[in-house]
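**Q**
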Amino acid sequence: MQVKSPRGVQQTDVNGAADELLSEQLKPTIERVRMKLGRGSPNTVGPMLEVWFSSLGERLRGPTGESDKTSELPATVQVAMKTLWKSALQEAHSTFEASKADFANTASQQEQQMTTVLAEIEAERGAFTQKASELKQALDALELKHAETQGQAHKLQMHVNKKDEELTSSRLALQQQVAQGNEERRRHDAQLLAHSAEIQALQAQYVSSERRLMAEIDRERQQVKKLQAEVEIEKKKQIRHQSEALEVAGNLTKQLHELRMQNTQLSERASGYLARINDMQPKKLKSAAKNKAVRSVIG
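Start counting the sequence shown at 2; every next residue gets the next number (the numbering used here).
1) Please classify residue 9: does DSSP put it in a helix, a strand, or coil?
2) Check whether the Cβ atoms of residue 53 and residue 16 sit closer than 8 Å, and answer yes or no.
3) Could you tell me the alpha carbon to alpha carbon distance between residue 59 and residue 110, rounded to whole angstroms?
4) When burial is assigned at 16 or more other CB atoms within 10 Å of the CB, is residue 49 buried or exposed?
5) Can we say the stretch 242–257 touches the stretch 203–221, given the rule of at least three CB pairs closer than 8 Å?
6) Look at the alpha carbon of residue 203 and the alpha carbon of residue 209, and state the distance between them as a whole number of angstroms.
7) Below 7 Å CB to CB, which residues in the same chain sit around residue 14 once its five sequence neighbours on both sides are set aside?
8) Indicate whether the contact test is met: 3 or more Cβ pairs, each with one atom in the stretch 274–281 and one in the stretch 167–187, closer than 8 Å.
9) Roughly how far, in whole angstroms, is the beta-carbon of residue 90 from the beta-carbon of residue 28, given that I think they are within contact range, below 8 Å?
10) Let me check understanding here. Comparing Cα to Cα, which of 182, 149 and 264 lies closest to residue 165?
11) My output table needs one value for residue 74: the three-state DSSP class, helix, strand or coil.
12) State the Cα-Cα distance for the pair residue 152 and residue 241, rounded to the nearest angstrom.
13) With DSSP as the reference, label residue 47 as helix, strand or coil.
14) Under 8 Å Cβ to Cβ from residue 5, same chain only, skipping five residues before and after it: list those, please.
15) What would DSSP say about residue 152, mapped onto helix, strand or coil?
16) For residue 33, report the span of its alpha helix (DSSP H) as first-last.
17) Report yes or no: do the stretch 175–184 and the stretch 226–235 share at least 3 C-beta pairs separated by less than 8 Å?
18) Our contact map puts residue 139 next to residue 235 with C-beta atoms below 8 Å; I'd like the distance itself, whole angstroms only.
19) Leaving aside the five residues before and after residue 83 along the sequence, list all residues of the same chain whose C-beta is less than 7 Å from its C-beta, in chain order.
20) I need the straight-line Cα distance from residue 142 to residue 269, nearest angstrom please.
21) Grouping DSSP H, G and I as helix and E and B as strand, with all else coil, what is residue 242?
22) DSSP on residue 90, reduced to helix/strand/coil?
23) Run through DSSP, which three-state label would residue 42 get?
24) Report all residues from its chain with a CB closer than 8 Å to the CB of residue 74; omit the five preceding and five following residues, and keep chain order.
25) Which residue's Cα is closest to the Cα of residue 223: 252, 198, 257 and 207?
Set out below in structure tokens:
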């Protein structure tokens, strides 16, 4: 049987080197054969040397049916060859037993390592399962909170829409009152001409009050628009900042409460202003002053 090596060392090279060592009365070993050849790795030379040892007995016995060629050799050579052969067999057996023991030890170590790795994998899998469960619970809680936030935002939007409708209704009512006041004012224009100086002073006061009230009403409108814009912004942000949705809803509710308080204050101020006007002007001018003030409130 010829063992070939992909690195260039052939079985015939190993056989020749082993024969030379044997003729030098040296036991062929892997290292000695490699030194003879000047190349070849132990993994390559080892199997080839085992093949040489396996054929050495047949070579010593000679082919079947032929005379024993070794009988022609001197007795000392025959004894040396047999002794070398026996020593080679013993070493081969020892090497085999040692290799088998090394293999068993390596297999045991690998088995222990595999058991340790499997235990680590099992522990990591348990930790991963626990982490996945915790993440699932957190996700469920987040989805529930998101649903609650959306519900609150929807209620807040409905409240804002209702306030907008109320402001629109109030504006329409004020416009009707202004129209009625304008009609009444036209009926009293002739009478007001006789008191032009007083009327001009009142008009100047009315213009100042009107501008002030219009500015306040405009600020209220801007607050409503700002509030609506903030609601739209919060709708978009709630996907990324769900944890802040409740706080935003609280802020919006507070702003609406402040808006209602400001509207109440404006109404009280307007009522007080009308009362002062009624106290200041003659009885004939009370209706016109009232209509003028109402018209200044709605802009």
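Ideal Cβ positions, reconstructed from N, Cα and C, are used throughout, including at glycine.
**A** According to the structure shown:
1) coil
2) yes
3) 40 Å
4) buried
5) no
6) 10 Å
7) 38
8) no
9) Wrong, their Cβ atoms sit about 12 Å apart, outside the cutoff.
10) 264
11) Its pLDDT being 49, under 50, residue 74 is placed unreliably in this model, and the value from its coordinates should be taken loosely. Reduced to three states, the DSSP call for residue 74 is coil.
12) 17 Å
13) helix
14) Here residue 5 scores only 47 on pLDDT, less than 50, and its place in the model is too uncertain to base an answer on.
15) helix
16) 31–38
17) no
18) That belief does not hold up - the Cβ atoms of residue 139 and residue 235 are roughly 23 Å apart, past 8 Å.
19) none
20) 47 Å
21) coil
22) helix
23) coil
24) Note that residue 74 scores a pLDDT of 49, beneath 50, so its modelled location is shaky; the value from the coordinates is reported in the next line. So the list reads 82, once near-sequence residues are dropped.
25) 257
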